[in-house]
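Numbers 214 to 467, taken from this note's numbering, label the letters of the sequence shown in order.
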Amino acid sequence: MPDQSTDQNTNNNLLANRIILVTGASDGIGRAAAKCYASHGATVILLGRSIEKLESVYDEIVSDGGAAPAIISLDLTTATEENYSELAETIEDEFGQLNGLLLNAGILGERKPLSQYSATVWQQVMQTNLTSPFMMTKALIPLLEQAESASVIFTSSGVGRTGKAYWGAYAASKFGIEGLTQIWADELANISNIRVNAINPGATRTNMRATAYPAENPTQNPTPEDIMKPYLYLMSDSSRSIQGQSIDAGDFTL
Ligand code: NDP
Numbered sequence: 214m215p216d217q218s219t220d221q222n223t224n225n226n227l228l229a230n231r232i233i234l235v236t237g238a239s240d241g242i243g244r245a246a247a248k249c250y251a252s253h254g255a256t257v258i259l260l261g262r263s264i265e266k267l268e269s270v271y272d273e274i275v276s277d278g279g280a281a282p283a284i285i286s287l288d289l290t291t292a293t294e295e296n297y298s299e300l301a302e303t304i305e306d307e308f309g310q311l312n313g314l315l316l317n318a319g320i321l322g323e324r325k326p327l328s329q330y331s332a333t334v335w336q337q338v339m340q341t342n343l344t345s346p347f348m349m350t351k352a353l354i355p356l357l358e359q360a361e362s363a364s365v366i367f368t369s370s371g372v373g374r375t376g377k378a379y380w381g382a383y384a385a386s387k388f389g390i391e392g393l394t395q396i397w398a399d400e401l402a403n404i405s406n407i408r409v410n411a412i413n414p415g416a417t418r419t420n421m422r423a424t425a426y427p428a429e430n431p432t433q434n435p436t437p438e439d440i441m442k443p444y445l446y447l448m449s450d451s452s453r454s455i456q457g458q459s460i461d462a463g464d465f466t467l
C-alpha cells in the first residue's frame, strides 16, 4: 500500500509548508505526533485543554528546531458548534490554510459492565471521542477543501472493531469513529482533495493505557514515538490515494 519510493522517515521537509492541527497534543500519542510533524517541516496547531502542558510541547518543538507552533485551548467534552466555527475562523485568520487534521484526543470513561455504566460518563465519552471529531471536521472542511491536498486522520481502537466486555462508551465511540471515517471518506472522495482515514494505534505506552491496564508492565508496549510511521504516512503526499482506510499501527510497514 505505501509508496516505497518516498523515504518519509529521513525526509525532514516531507511536511514543509503544511499547517496541521493535532487534538490532544498535550500528551501521549498526540504529543508525539505533533513533534513528529514539526520535525518534518510542518507548522503544528496544538489543541488541548491544558495550556501549561501544551506550552511544554511548544518548548520542545522549538528547542528541537521546529517552526513555532500555535496553541489553542479547548475542552472537547463541552465545546459547542460555535466554538468549532470560531476555531475555523481563527485558523483561517492566522494561517489562511489547513492541510492536515489529526483527531486524536480521547477519554477512556469507565471500565464497567453496561448495566452499571453511568449515563453521564457515557455522554461525556461520546461527546469527546465521537461528536467532537464530527463537529470539528464539519467546521474545518471548508478550509481543508482549499488545500491542494488535505488529510484527516481519525483515531480508532481495537475495541471499536470487536465489542469487548467492560469497554462501554469508549468502545461504542470507537465503533462510531470507524463509521464516521467511512462516511466522510465516501462523501468527500469524488468532490474534494481531502482524504479521510483512521489509525488504530494498538497498545501504546501512555497514561490512558496505564489507566485501562493498571497491572500491566508498561515497558512491554511501544512508546508513542515508536508508532509514528502511519501517522506520518497518512499526513504526507505518499498517501494521496488512500481513502476510507482504518490502519493498524502495529501492522504498518514502510
Ligand atoms: P492520553 O490519555 O495519553 O492522551 C489523551 C490526550 O487527549 C491528551 O492530550 C488529553 O489532554 C487530550 N484530551 C482528553 N480529553 C480532552 C478534552 N476534553 N479536551 C481536549 N483534549 C482532551 O491518551 P493516548 O495518547 O493513549 O490516546 C490518544 C488516542 O489514541 C485516543 O483517541 C485513544 O482512544 C487512542 N488509543 C490509544 C491506545 C493506547 O494504547 N494508548 C490504544 C487505542 C487507541 P490532557 O493532557 O489535558 O489530559
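All C-beta atoms, glycine included, are put in the ideal place defined by N, C-alpha and C.
Of all C-beta pairs linking the stretch 298 to 313 to the stretch 325 to 332, fewer than three are shorter than 8 Å, placing the two stretches out of contact.
Within 10 angstroms of the beta-carbon of Val409 lie 16 or more other beta-carbons, which makes it buried.
Of the residues Met349, Val235, Gln395, Ala423, the one whose Cα lies closest to the Cα of Thr291 is Met349. The C-beta distance from Ala318 to Thr333 rounds to 19 Å, too long to fall under 8 Å, and the pair is not in contact.
When the Cα atoms are used, Leu353 and Ser405 turn out to be separated by approximately 13 Å. Shortest gap from the CB of Met421 to any heavy atom of ligand 1: under 7 Å. Boundaries of the beta strand (DSSP E) around Leu234: 232 to 236. Secondary structure of Ile320 (DSSP, three-state): coil. Cα atoms of Ala229 and Gly254: separation of roughly 4 Å, rounded to the nearest angstrom. For Ala423, the enclosing alpha helix (DSSP H) begins and ends at 420 to 425. Look at the beta carbons and you see the stretch 381 to 388 not touching the stretch 438 to 452: under three pairs across the two are nearer than 8 Å. In its chain, beyond the 5 residues on either side, Asn413, Gly415 have a beta carbon closer than 7 Å to the beta carbon of Asp461. One Cα belongs to Arg418, the other to Ser276, and the distance between them is close to 24 Å. If you check the CB distance, Ile366 and Leu234 do not come in under 8 Å. A straight-line Cα-Cα distance of about 20 Å links Gln456 and Gly371. Contact annotation, Glu400 with Ser459: C-beta distance approximately 17 Å; criterion of less than 8 Å not satisfied. No Cβ-Cβ contact shorter than 8 Å links Gly279 with Ala246.
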